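These protein sequence lines map, in sequence, to chains A and B.
The numbering of the first sequence is the numbering used here, which starts it at 2 and goes up by one.
The numbering of the second sequence is the numbering used here, which starts it at 4 and goes up by one.
The beta-carbon is built from N, C-alpha and C at its ideal position, and this holds for glycine as well.
Predicted model only: the values in this text are computed from it and were never measured.
Accompanying notes for the structure given below.
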Amino acid sequence: MPIILDRRRLVPNLHLIEVHAPEVARKCRPGQFVIIMPDEKGERIPLSVADWDAARGSVTAVFLVVGTSTRKLAALKAGDEVPVFVGPLGRASEIAPFGTVVLAAGCFGIGALWPVARALKAAGNKVIALIDAKAEYLVYWKDRYVSVCDKVLFSARDDALDSKDFIPKPLEELLKAEAPVARVIAVGCTYLMYASSRATKPLGIKTIVSLNPIMVDGTGMCGACRCTAAGKTKFACVDGPDFDGHTVDWDELFARRKSYVEDEVRSLCRYEETELP
Amino acid sequence: MAEDRKELSPEEKARLRAEFEKEWRKELRKSVPVKARTAIGRRKMPERPAGERNRDFKEVNIGLTVEEAREEARRCLDCANPQCVTGCPVSIDIPSFVKLIEAGRFLEAAWKLKETNSLPAICGRVCPQESQCEEVCALRKATGVSVAIGNLERFAADFERGGGAVNIPPLPPPTGKKAAVIGAGPSGLTVAGDLAKLGHKVTIFEALHESGGVLIYGIPEFRLPKAILKAEVDYLRRLGVEIRTSFVVGMTATIDDLRAEGYEAFFIGSGAGLPNFMKIPGENLVGVYSANEYLTRVNLMRAYDFPAHDTPVAVAKTAAVIGGGNVAMDSVRTAKRLGAERAVIVYRRSRTEMPARTEEIHHAEEEGIEFQLLTTPIRYFGDAYGRVRAMECQKMGLGEPDASGRRRPIPIEGSEYTMDVDLVVCAIGQSPNPLIPQTTPGLRVGKWGNVEVDWATMATNLPGVYAGGDIIRGGATVILAMGDARVAAAEMDKYLRGVRRGPGSLGSAGGP
C-alpha cells in the first residue's frame with residue numbers, strides 16, 4: 002500500500018499530504034488529480050495534485066478537512082499507509098504562451114494552482130497570482146508563488162495583506178490594471194470560481210476553472226461528477242476537471258456538491274464522538 | 004442467447020464423445036431408465052422468504068443440498084449429442100459435470116467445470132442459463148422443463164470451496180513471457196486464469212481498489228456474495244496471477260509504457276464503464292443517479308453500511324428505476340433493501356420485452372417491487388434545493404419490432420402524468436469506457452466507442468493487443484465476456500509463443 006511520506010497542517014484546517022507513488026509521480030501534469038482513500042472504510046476522495054517529485058517518487062496534495070474521510074486523512078502521519086492512491090486522473094491544464102495570466106487561488110486551490118503557475122511561467126507567460134484568504138495566517142506557499150510569479154497579490158480583509166476585500170472586487174481591479182489579460186485561471190472553493198467567472202465574463206477574458214464535484218471512481222464509470230458546461234452534460238473526471246467558467250451551470254454545481262450535506266455531518270459527528278481516540 | 008450458439012470444433016466433439024463412452028458413464032446411464040429420469044420434477048432453488056430478504060443484503064438463493072443436487076442431476080438424459088454445450092459461450096462439458104454430480108463425485112464435478120470455466124461459482128449464479136444451455140436442453144424439448152444446469156454448476160463450485168479443497172492444477176514450466184490484462188472483470192479474470200495455466204506471467208491492472216469489475220461494483224451481495232468473488236480471485240492468485248489494483252491503464256501508464264516494461268501481449272477488458280443517460284430535462288438534479296454510481300456506492304463502497312463506512316447514498320421514500328434489464332432489477336431491489344417505501348421499475352416496453360432474467364423479475368415481484376410498464380420518464384422536477392421531487396411520465400404503445408427484435412415503443416400523446424419520487428436510478432445501459440481508446444494511439448475504435456476486434460481471434464489492429472467483453476460489445480453478459488476471453492487467451496498464447504523478445508514496435512511512449 003502507498004506510504005505517506007509527509008502529512009502536515011499548512012494552516013488551520015488545510016493539510017498537505019505527500020505520498021510515495023512513483024508511477025503516479027512519473028505521469029503527473031498540472032491540473033490533474035488523484036483519488037485517495039484514508040482507510041478501508043473511507044470514501045474515495047479526489048484531490049488536485051499540488052506538486053510531485055519523480056526522483057523522490059512522491060506526489061503531494063493539499064486538502065481541506067470537510068468530512069469524515071478528510072478528517073481521517075488529517076490524522077495520518079509519515080509512515081502510515083493508505084489503501085488507495087490512484088492517478089493521475091483527469092485532463093491536464095492547457096499550458097501555452099498566452100501572455101498575461103492571472104491566477105485566482107483560494108483554500109486548497111493555492112496548492113492546486115502552484116504547478117500551473119510554475120508551468121505557465123516556464124512557458125513564457127507573465128504570471129500574476131491573486132491569493133484569496135480570510136487573513137494572513139491562512140496563506141501558505143507565498144514563497145513558492147513569489148519565486149515564479151511576476152506579481153503576487155492578496156484578496157482578504159486584512160491590513161497585513163494590504164487588502165480590504167475578497168474576490169471578485171480585487172480581481173476586477175487587477176484585471177483593469179494589468180490589461181490586456183489573456184486568461185484567468187481560478188481554483189478554490191466553488192464560490193471563488195463562480196465569482197471569478199462572473200467578474201470576467203463582461204470583460205470577455207477567458208476564464209478556466211477546475212471543477213470540484215463529488216466523485217466516486219474518477220475514471221468516467223459512474224457519472225457522479227456530471228456537470229453542465231456549454232449546455233452539455235460533462236463528466237468532470239474525464240472531460241475535465243478544467244472547464245470554461247463562463248459556460249458552467251453554477252447553480253447545478255452548487256446543488257450537486259451539497260447532495261450529502263446531512264449525511265456528511267452525521268457521519269463526521271459519529272466519527273468524532275465514537276471513533277476518534 | 005440462441006444467436007450465440009455455435010458449432011463445436013471437431014476436437015471439442017471428440018472430447019465430449021470420449022467422456023460419453025467412458026464405462027462409468029455407460030453404467031450410470033443404464034442404472035436409471037429414461038422414463039424414470041423424465042418423471043423427476045425440477046428442483047426449485049431454495050430461497051430465503053421475500054419479506055425477510057428484502058430488508059438485508061444477504062444472498063437470496065440458498066443453494067441445493069447434496070441430495071437435491073444428485074436428484075436434479077439424475078434428470079439429465081446424458082444425450083449422445085448434447086445441445087447444452089453448444090448453448091454455452093465457453094463450451095463447458097455440461098454432461099460430464101452433471102453426471103459426476105449424479106455419481107456423487109462432487110469435487111471432480113467442480114474440477115471438470117474449471118477445465119473450461121475459471122469462475123463457476125459466479126456463472127452458476129449470474130449466467131442467463133434459461134436463454135443459453137438450459138434453453139436447448141433435450142429434457143426441455145421432451146418435458147418442457149430443462150435440467151437446472153446453472154443451479155448444479157453453483158452446487159459443484161460451492162461444494163469445492165466449502166470443503167476447502169480447491170484444486171490448483173499442475174502448472175507448466177514458466178514460458179518467461181509477460182502478459183498484461185487491463186481490467187479485473189469477468190473477461191480479464193478469465194484471460195488471466197487461462198494464460199497463467201499455460202505458463203505465462205500475467206499481471207492484471209485494475210483501476211478500482213478491488214478486483215471483480217462489474218462483479219464487485221455492479222452485482223449486489225444478495226445475488227453474488229463478495230466472499231464468492233474473493234475466493235475465485237484468490238484462486239487466480241494461487242495460479243500465480245499478479246493483480247495490481249488502483250492502476251488506471253491509460254493514466255498511470257499507457258499500453259506503450261507497459262510494452263516498454265517488457266509486456267508482450269495485452270488484453271483490454273476495461274468494460275462498459277460509461278453510463279448512458281436519456282438527456283431529458285432535470286437529469287442532473289440531486290437524487291438522480293446512474294445505475295453505475297448507485298450500485299458502486301452501495302456495493303463497492305459499502306454505503307449500505309453507512310455511517311460505519313464513510314460513503315453515503317440517498318435513501319428514498321419512493322425510488323424509480325428506469326430500465327428493464329438485470330442492472331435495473333439489481334438497482335430497484337437495492338433501493339427496497341435500503342428502506343424505500345415504494346421501489347418502482349419504470350420500463351418503456353412490456354413484460355415480454357424485458358431483458359432481465361425471469362428469475363430476477365420474479366424475485367423482484369416477490370420482494371414488493373412495483374412495475375410501471377409501457378412508461379417512460381420525459382422530465383424530472385426539482386425542489387428549491389435542486390433535489391428531484393417528481394417525474395413526468397408518458398405511456399407508450401408498442402409498434403413493429405426494431406433492430407433489437409423487440410417491439411418499438413411509441414409515445415402516446417396526452418398520456419402524461421406526474422409521479423412523486425425522491426430517488427431516480429437510470430439503468431438504461433452503458434457504453435464502452437473511453438479511457439483506453441483515448442490513450443492508445445492507433446487503436447481502432449468503432450462508432451459506439453467500442454474497441455474493434457477480429458471476432459475469430461479477438462485481436463485488435465495493434466500487434467499483440469486483444470480485447471473482449473463489454474469494451475467490444477458495449478454492455479452484454481458476464482458469460483459472453485468470458486467466452487471472448489477464452490478465445491483471446493488461446494490466441495494470446497499463440498502470439499506469445501511465436502513472438503521474438505525485444506522492444507515494442509509502436510514507437511515512443513505517450514507520457515511526458
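With respect to the alpha helix (DSSP H) encompassing W27 (chain B), which residues constitute its N-terminal and C-terminal limits? Here residue 27 (chain B) corresponds to residue number 24 of the second sequence, with the count starting at 1. Per DSSP, W27 (chain B) belongs to the alpha helix (DSSP H) from E26 to S34.
According to DSSP, L104 (chain A) sits in a beta bridge with which residue or residues? For the purposes of this step, residue 104 (chain A) is taken as the residue at position 103 of the first sequence. L104 (chain A) is bridged to A:A130 and A:I186.
Count the other CB atoms within 10 Å of the CB of A161 (chain A); is the residue buried (16 or more) or exposed (fewer)? Position 160 of the first sequence, counted from the first residue, corresponds to residue 161 (chain A). Label assigned to A161 (chain A): exposed.
What does the Cβ neighbour count give for P444 (chain B), buried or exposed, with the cut at 16 atoms within 10 Å? For the purposes of this step, residue 444 (chain B) is taken as the residue at position 441 of the second sequence. P444 (chain B) is exposed by the Cβ-count criterion.
Between the Cα of I364 (chain B) and the Cα atoms of B:R336, B:R390, B:C140 and B:E344, which residue gives the shortest distance? Position 361 of the second sequence, counted from the first residue, corresponds to residue 364 (chain B). Selected option, being the one with the closest Cα: B:R336.
Under 6 Å Cβ to Cβ from S273 (chain B), same chain only, skipping five residues before and after it: list those, please. Stepping through the second sequence from its first residue, residue 273 (chain B) is reached at position 270. These residues qualify, in order along the chain: I185, G186, N436, I439 and I474.
Return the CA-CA distance between R271 (chain A) and R390 (chain B), expressed in angstroms with no decimal places. Here residue 271 (chain A) refers to the residue found at position 270 when the first sequence is read from its first residue. Here residue 390 (chain B) refers to the residue found at position 387 when the second sequence is read from its first residue. Roughly 25 Å between the two C-alpha positions.
CA-CA distance, E173 (chain A) and P13 (chain A)? What you label residue 173 (chain A) is simply residue 172 of the first sequence in a count that begins at 1. What you label residue 13 (chain A) is simply residue 12 of the first sequence in a count that begins at 1. Each residue's Cα considered, the two are about 28 Å apart.
Whole-angstrom distance between E50 (chain B) and N64 (chain B), CA atom to CA atom: Locating residue 64 (chain B) in the second sequence gives position 61, counting from the first residue. Locating residue 50 (chain B) in the second sequence gives position 47, counting from the first residue. Taking the straight line from one Cα to the other gives about 4 Å.
Closer than 6 Å by C-beta to L11 (chain A): which residues in its own chain qualify, once you throw out the five before and the five after it? Chain order, please. Walking along the first sequence from the start, residue 11 (chain A) turns up at place 10. L17 and Y141, listed in sequence order.
So, G166 (chain B) versus G191 (chain B), is the Cβ gap smaller than 8 Å? As a first step, residue 166 (chain B) is located in the second sequence; it is residue number 163 there, counting from the start. As a first step, residue 191 (chain B) is located in the second sequence; it is residue number 188 there, counting from the start. Cβ distance not < 8 Å, so G166 (chain B) and G191 (chain B) don't count as in contact.
Tell me which same chain residues have a C-beta within less than 6 Å of the C-beta of H212 (chain B), skipping the five on either side of it? For the purposes of this step, residue 212 (chain B) is taken as the residue at position 209 of the second sequence. Hits under 6 Å: T248 and S249.
So what does W53 (chain A) bridge to, in DSSP terms? As a working note, residue 53 (chain A) is residue 52 in the first sequence. Paired residue(s): A:V60.
I222 (chain B) - DSSP class collapsed to helix/strand/coil: Indexing the second sequence from 1 puts residue 222 (chain B) at position 219. Three-state result, I222 (chain B): coil.
Against chain B, with Cβ distances strictly below 8 Å, would M194 (chain A) count as a contact? Mapped onto the first sequence, residue 194 (chain A) falls at position 193. No, M194 (chain A) lies away from the interface with chain B (no Cβ there is under 8 Å from its Cβ).
Just list the alpha helix (DSSP H) runs in the stretch 307-372 of chain B, keeping only unbroken ones of 4 residues or longer that don't cross its boundaries, in chain order. 329-340 and 361-369
Would you mind listing the beta strand (DSSP E) stretches within the stretch 51-114 of chain B that are 3+ residues and don't spill past its ends, in chain order? none
Rank B:I171, B:Q135 and B:I104 by C-alpha distance to the C-alpha of S121 (chain B) and give the top, closest one. As a working note, residue 121 (chain B) is residue 118 in the second sequence. Per the Cα distances, B:I171.
Does DSSP put M304 (chain B) in a helix, a strand or coil? Along the second sequence, read from residue 1 onward, the residue named residue 304 (chain B) stands at position 301. Coil at M304 (chain B), not helix or strand.
Selected residue, minimal CA-CA separation from V490 (chain B), among B:G477, B:R241, B:S293 and B:A462: The residue given as residue 490 (chain B) occupies position 487 in the second sequence. Nearest of B:G477, B:R241, B:S293 and B:A462 to V490 (chain B), Cα basis: B:A462.
CB contact below 8 Å: R340 (chain B) versus chain A: In the second sequence, the residue the question calls residue 340 (chain B) occupies position 337. Not one chain A Cβ lies under 8 Å of R340 (chain B).
Whole angstroms are fine: how far does the CA of A492 (chain B) sit from the CA of S260 (chain A)? Mapped onto the first sequence, residue 260 (chain A) falls at position 259. Mapped onto the second sequence, residue 492 (chain B) falls at position 489. Approximately 44 Å, taken between the alpha carbons.
Closest Cα partner of I96 (chain A) within the set A:R119, A:K152, A:V83 and A:L90: As a first step, residue 96 (chain A) is located in the first sequence; it is residue number 95 there, counting from the start. Selected option, being the one with the closest Cα: A:R119.
Backbone secondary structure at G486 (chain B) - three-state DSSP: The residue labelled residue 486 (chain B) in the question sits at position 483 within the second sequence. In the structure shown, G486 (chain B) sits in a helix (DSSP, three-state: H, G or I).
Would you kindly work out how many angstroms separate the C-alpha atoms of T1 (chain A) and T255 (chain B), rounded to a whole number? Summary: the structure shown does not reach residue 1 (chain A), with chain A confined to residues 2 through 278, and so no result is reported for it.
Does the beta-carbon distance from M422 (chain B) to P412 (chain B) come in below 8 Å? Here the question's residue 422 (chain B) lines up with position 419 in the second sequence. Here the question's residue 412 (chain B) lines up with position 409 in the second sequence. No.
Just by C-beta distance, which residues in the stretch 255-266 of chain B are closer than 8 Å to chain A? T255 and A256
Would you say L288 (chain B) and G385 (chain B) are within 8 Å of each other, going by their C-beta atoms? For the purposes of this step, residue 288 (chain B) is taken as residue 285 along the second sequence, with counting starting at 1. For the purposes of this step, residue 385 (chain B) is taken as residue 382 along the second sequence, with counting starting at 1. Yes. Within cutoff.
Here's the rule I'm using: 16 or more other beta-carbon atoms within 10 Å means buried, otherwise exposed. How should S211 (chain A) be labelled? Along the first sequence, one-based indexing puts residue 211 (chain A) at 210. Buried is the call here.
Contact residues within the stretch 191-211 of chain B, judged by C-beta distance below 9 Å to chain A: A210 and L211
Suppose contacts are defined by Cβ-Cβ distances below 8 Å. Is L261 (chain B) in contact with A183 (chain B) by that definition? What you label residue 261 (chain B) is simply residue 258 of the second sequence in a count that begins at 1. What you label residue 183 (chain B) is simply residue 180 of the second sequence in a count that begins at 1. Cβ distance < 8 Å, so L261 (chain B) and A183 (chain B) count as in contact.
Straight-line CA distance for V147 (chain A) to A187 (chain A)? Taking the first residue of the first sequence as position 1, residue 147 (chain A) is located at position 146. Taking the first residue of the first sequence as position 1, residue 187 (chain A) is located at position 186. Taking the straight line from one Cα to the other gives about 18 Å.
With S268 (chain A) as the anchor, note down where its alpha helix (DSSP H) starts and where it stops. Residue numbering aside, residue 268 (chain A) sits at position 267 when the first sequence is read from its first letter. Taken as a continuous stretch (DSSP letters only), the alpha helix (DSSP H) holding S268 (chain A) covers V262 to R271.
Helix, strand or coil, according to DSSP, for G501 (chain B) in the structure here? By one-based count along the second sequence, residue 501 (chain B) stands at place 498. Three-state result, G501 (chain B): helix.
Between the Cα of P23 (chain A) and the Cα atoms of A:P31, A:F99 and A:D54, which residue gives the shortest distance? In the first sequence, the residue the question calls residue 23 (chain A) occupies position 22. Minimum Cα distance to P23 (chain A) is reached at A:D54.
Who are T378 (chain B)'s beta bridge partners in DSSP? If you number the second sequence from 1, residue 378 (chain B) lands on position 375. Per DSSP, B:K398.
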